[in-house]
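Notes for the one structure printed next.
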Amino acid sequence: MRRPLLSPTAQFPRVEEAAVYGDEATIRTILTGLGDTWAVVGLSDNRNRAAHGVAEVLRRYGKRVVPVHPKAEPVGGEQGYASLADIPFDVDVVDVFVNSELAGQIADEAVAKGARAVWFQLGVVDEAAYERTRAAGLEMVMDACPAIEIPRLG
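Take any residue in the sequence shown, note its place counting from 1, add 25, and you have its number in my numbering.
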């Protein structure tokens with residue numbers, strides 16, 4: 026389903042009114058201080074998908090990228106898994122490339138898996154999942170992209 030185009034008179038919140046789902050310190054902590062094993066939920070071998078490009082950037086910055094997709098296909102030389110629970114080793118960060126309606130379930134699975142952080146991609150928003158994940162002690166960023174953020178850190 027396509028999103029409707031915004032009218033030229035659409036009102037946007039001022040920056041100080043916009044919701045923030047992960048401040049600069051949290052972004053830095055997740056990208057540089059919590060470990061280098063990232064499970065990317067929604068990553069398949071389809072090079073035309075955004076998840077594929079983000080995975081390439083993460084690899085360039087030294088991250089191990091583990092694909093999680095129903096087909097469990099290998100991507101970038103790494104074995105794929107159908108779910109987070111199927112991964113037979115620890116995962117530091119779970120990067121979520123599914124729609125907002127499914128994202129909360131993935132966040133809950135990340136908590137159960139013992140991940141240290143959850144990252145919801147641009148456009149993926151679930152405030153209840155954000156609150157649950159933070160309450161469980163995990164770091165979390167929502168509605169942002171690590172491929173945009175990591176180069177800014179220098």
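Where is the CB? At the ideal position from N, CA and C, for every residue including glycine. Given the structure is predicted, the values throughout are model-derived calculations rather than measurements.
Secondary structure of ARG89 (DSSP, three-state): strand. For GLU164, the enclosing beta strand (DSSP E) begins and ends at 164-166. When Cβ pairs closer than 8 Å are counted between the two stretches, the region 112-131 is seen to touch the region 147-155, the count reaching three or more. Ranked by Cα distance from GLY101, the options SER108, LEU109 and LYS88 are led by LYS88.
Beta-bridge pairing by DSSP links VAL66 to VAL93 and VAL121. ALA140 and ASP117 do touch by the CB rule: their CB atoms are close to 7 Å apart, below 8 Å.
Taking 8 Å as the upper bound for CB-CB distance, SER108 and VAL91 are not in contact here, some 12 Å apart. With fewer than 16 neighbouring CB atoms inside 10 Å of its own CB, THR57 falls in the exposed class. Looking at the DSSP output, VAL143 sits in a beta bridge with VAL119 and MET165.
GLU49 sits in a helix when the DSSP states are folded into three classes. Using a 10 angstroms sphere on the CB of LEU178, the tally of other CB atoms stays under 16, which defines it as exposed. Residue burial is scored here from C-beta neighbours: GLU134 has at least 16 other C-beta atoms within 10 angstroms and is therefore classed as buried.
Within a 10 Å sphere around the beta-carbon of GLU164 sit 16 or more other beta-carbons, which makes this residue buried.
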